[in-house]
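Q: For reference, the structure I am asking about is given below.
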Amino acid sequence: MQSIKHPVFGDPDYAGRNRQLGKLSSAQRKEVAGYLQQVDRQMLHARTLGFTHPITGEEMEFSAPIPPDFAGILEELREIKAARDRGRLV
Numbered sequence: 005m006q007s008i009k010h011p012v013f014g015d016p017d018y019a020g021r022n023r024q025l026g027k028l029s030s031a032q033r034k035e036v037a038g039y040l041q042q043v044d045r046q047m048l049h050a051r052t053l054g055f056t057h058p059i060t061g062e063e064m065e066f067s068a069p070i071p072p073d074f075a076g077i078l079e080e081l082r083e084i085k086a087a088r089d090r091g092r093l094v
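Positions in the sequence shown are counted from 1; adding 4 to them yields the working numbering.
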């Protein structure tokens, strides 16, 4: 994803972690870094995946809720974006 300029948040191998944290204020960086220390994986999730089964031709679809550890970080990032959109991000 880094190659198309969409790094995966929290990815320590391909600059997703440091690059995204660098865009935040010091206080926000501390808070989000705290979330990232609680997980040992990339923060990548697909709510729904679908494909045609290669043998049967059946349309397959799978859904999964956002994991709790991911949800906290996602909510924080949404709040940061909302503040930025309102022009209140320091």
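The C-beta atom is built at its ideal place from N, Cα and C for all residues, glycine as well. Because the structure is a prediction, the values reported are computed rather than measured.
1. Could you check if I77 is buried or exposed, using at least 16 other CB atoms within 10 Å of its CB as the buried criterion?
2. Can you tell me whether F55 is buried or exposed? The criterion is at least 16 other CB atoms within 10 Å of its CB, across all chains shown.
3. Just to check my reading of the structure: S67 and T52 have Cβ atoms closer than 8 Å, yes? What is that Cβ distance to the nearest angstrom?
4. Helix, strand or coil, according to DSSP, for F55 in the structure here?
5. How many whole angstroms separate the CB atoms of H49 and I70, which I take to be in contact at a CB cut-off of 8 Å?
A: Short version:
1. Taking the sequence shown and counting its residues from 1, the one referred to as residue 77 is at position 73. It counts as buried.
2. Start at 1 with the first residue of the sequence shown, and residue 55 comes out as number 51. Its Cβ having fewer than 16 others within 10 Å, F55 is exposed.
3. Against the sequence shown, residue 67 aligns to sequence position 63. Against the sequence shown, residue 52 aligns to sequence position 48. Their Cβ separation, rounded to whole angstroms, is 5 Å, which keeps S67 and T52 in contact under 8 Å.
4. Counting from 1 along the sequence shown, the entry for residue 55 is found at position 51. In this structure, F55 counts as strand in the three-state DSSP scheme.
5. Numbered from 1 along the sequence shown, position 45 holds the residue referred to as residue 49. Numbered from 1 along the sequence shown, position 66 holds the residue referred to as residue 70. The Cβ separation is near 6 Å, so the contact holds.
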